[in-house]
Amino acid sequence: MKSHTVYRTFETAERREFVRITEDVQAAVDEAGIAEGMVLVSAMHITAGVYVNDWENGLIADFGVWLEKLAPSGLNYRHHQTGEDNADAHLKRTIMGHQVMLPITAGKLDLGPWEQVFYAEFDGQRRKRVVVKAFGI
Amino acid sequence: MKSHTVYRTFETAERREFVRITEDVQAAVDEAGIAEGMVLVSAMHITAGVYVNDWENGLIADFGVWLEKLAPSGLNYRHHQTGEDNADAHLKRTIMGHQVMLPITAGKLDLGPWEQVFYAEFDGQRRKRVVVKAFGI
Amino acid sequence: MKSHTVYRTFETAERREFVRITEDVQAAVDEAGIAEGMVLVSAMHITAGVYVNDWENGLIADFGVWLEKLAPSGLNYRHHQTGEDNADAHLKRTIMGHQVMLPITAGKLDLGPWEQVFYAEFDGQRRKRVVVKAFGI
């Protein structure tokens, strides 16, 4: 069994931003030289997520509106008594998920036709990391 | 390390439908001949999900009502400007999750007494795939 | 490839309770003697979850309030026609997630600075299990 780990750093221009990273993950798989296995893609910060969905700008905007409705910013969260103002970011990332595991078959991410991998930032404009760990044979 | 991949195709009669697939996943594990390891079960389409929960019809109905409340159909989603009408399906599958990883111990899915695996279709009546990838020893 | 499985049993004092288990998972990794790999942490009961987020009491209280808003208890759920009263627990655990996969690098859980692993109980005060399965080299 082989194992290969890389860390990607993101510093988004906006506080909230969705970044497509499918090619980055494939690049890590290529580096790993793994033909059969899986790759974990997991946010290392707790106000960001990783998810698989459509690369379509309208839907990406819909996600933003929807998350703000389900997990609004600006409420009087208890977490804000610590001086933070980002409780909603913790909740939003919980809905989107903080990690995915992608199958690797014949050296390629084994994804459906519309599956794209995204980094979802909810409290950005600073350096944050994602771990990409592939294993297999 | 062994690796074994199968693809299951679903074409549900209803647009929204939850299908129990625990036995299908166990069958893939049996085929793989894996005694110790894990199996990934992941929807390859972005308007469907895979989740673990109770096989009880009342609760399954509750999930449907609840998802419609949290992620309503029929809203004026921006995604619909592309001609699609299924933005809610993308959101509903996000809440349910699009994949699970199940432990394999002594050749069997290592599940609790009430754990059942489901395929959750939110935009069906057409052929869609799930990847089932087992690995282990 | 090595594989090592342990089961942790929880019996929370409260019906709803979030328990930090990061050290327990690291202990299972230590026992496994795995330097490079991953560990799955997965609730075996369908009214509990496992998630990664902040170990801050204000945020933990915020999660409780938020989950009660998104998935209220006390509604007339169809699941309750079976005699159960815990449909909301099934929904709440769905939002939080029922499992995580943690990378192991150089023998340690490869977590970001604020990442902590939690067991999330939504129908406790009785014995329930979590499976912790590590694999790697």
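Residue numbers (the numbering used here), protein chains in the order written: chain A, 28 to 164; chain B, 28 to 164; chain C, 28 to 164. We treat Cβ as the ideally placed atom computed from N, Cα and C, and that holds for glycine.
1) Could you list which residues in chain C have their beta carbon closer than 9 Å to that of Q108 of chain A, in chain order?
2) Does M28 of chain A come out as helix, strand or coil in the three-state DSSP assignment?
3) With 8 Å as the threshold, decide whether the Cβ of D115 of chain B is near any Cβ in chain F.
4) Taking C-beta pairs closer than 7 Å, name the residues in chain C that A88 of chain B reaches, listed in chain order.
5) Starting from F90 of chain A and walking both ways along the alpha helix (DSSP H), at which residues does that stretch end?
6) Roughly how many whole angstroms lie between the Cα atoms of E58 of chain C and L129 of chain C?
7) Just to check my reading of the structure: V157 of chain A and M71 of chain A have Cβ atoms closer than 8 Å, yes? What is that Cβ distance to the nearest angstrom?
8) Helix, strand or coil, according to DSSP, for L118 of chain A in the structure here?
9) Hey, out of C:K96, C:G85, C:E50, C:R105, whose CA is closest to Q143 of chain C's CA?
10) Look up E58 of chain A in the DSSP assignment and say whether it is helix, strand or coil.
11) How many Å lie between Y104 of chain C and F90 of chain C at the Cα?
12) Residues in the stretch 47-78 of chain C with C-beta within 8 Å of chain A's C-beta atoms, listed in sequence order?
13) Is there at least one Cβ from chain A nearer than 8 Å to G139 of chain C's Cβ?
14) Taking Cβ to Cβ, would you say Y146 of chain B is nearer than 8 Å to I48 of chain B?
15) For a quick check, are the C-beta atoms of F37 of chain A and K155 of chain A less than 8 Å apart?
16) Drop a sphere of 10 angstroms on the beta-carbon of R120 of chain B, count the other beta-carbons inside from all chains shown, and report buried for 16 or more, exposed for fewer.
17) Determine whether the beta carbon atoms of I122 of chain B and L97 of chain B lie at a separation below 8 Å.
18) Classify G101 of chain B: buried if its beta carbon has 16 or more other beta carbons within 10 angstroms, exposed otherwise.
19) So what does DSSP say about T74 of chain C, is it helix, strand or coil?
20) For V92 of chain A, count neighbouring C-beta atoms within 10 Å of its own C-beta (all shown protein chains included) and say buried if the count is 16 or more, exposed if not.
21) Which residues of chain A have a Cβ atom closer than 9 Å to the Cβ of T32 of chain B, listed in chain order?
22) In the DSSP assignment, find the beta strand (DSSP E) that holds R47 of chain B and state where it starts and stops.
23) Pick helix, strand or coil for R166 of chain C, following the three-state DSSP scheme.
24) Check whether chain A comes within 8 Å of Q152 of chain B, counting only Cβ atoms and requiring the distance to be less than that.
25) Would you mind stating whether E41 of chain A and G151 of chain A have Cβ atoms separated by less than 8 Å?
Here's the rundown:
1) Those within 9 Å of Q108 of chain A in chain C are G85.
2) For M28 of chain A, the secondary structure class from DSSP, reduced to helix, strand or coil, is coil.
3) Reference to chain F is not applicable here, since the protein chains of this structure are A, B and C.
4) Under the 7 Å cutoff, chain C gives R105.
5) First-last of the alpha helix (DSSP H) with F90 of chain A: 84-97.
6) Near 16 Å, if we compare the C-alpha coordinates of L129 of chain C and E58 of chain C.
7) So it is a contact: roughly 6 Å between Cβ atoms.
8) Three-state result, L118 of chain A: helix.
9) In this structure, C:E50 is the residue among C:K96, C:G85, C:E50, C:R105 with its C-alpha nearest to the C-alpha of Q143 of chain C.
10) E58 of chain A falls in the helix class under three-state DSSP.
11) Looking at the two C-alpha atoms, the distance is approximately 22 Å.
12) Those residues of the stretch 47-78 of chain C placed with their C-beta closer than 8 Å to a C-beta in chain A are E63, G64, M65, Y78, ordered along the chain.
13) So, interface residue.
14) Yes, the pair counts as a contact, with Cβ atoms nearer than the cut-off.
15) Yes, the pair counts as a contact, with Cβ atoms nearer than the cut-off.
16) R120 of chain B counts as buried, since at least 16 other C-beta atoms from the protein chains shown sit within 10 angstroms of its C-beta.
17) Yes.
18) With fewer than 16 other Cβ atoms within 10 Å, it is exposed.
19) The answer is coil: DSSP assigns T74 of chain C none of H, G, I, E or B.
20) By the 10 Å Cβ count, V92 of chain A comes out exposed.
21) What T32 of chain B touches in chain A: E63, P130, T132, D137.
22) 44-47 is the extent of the beta strand (DSSP E) around R47 of chain B.
23) Given that chain C is displayed from residue 28 to residue 164, the structure contains no residue 166 of chain C and the question cannot be resolved.
24) Interface annotation, Q152 of chain B: not in contact with chain A, CB-CB separation never under 8 Å.
25) Yes, these two residues count as a Cβ contact at 8 Å.
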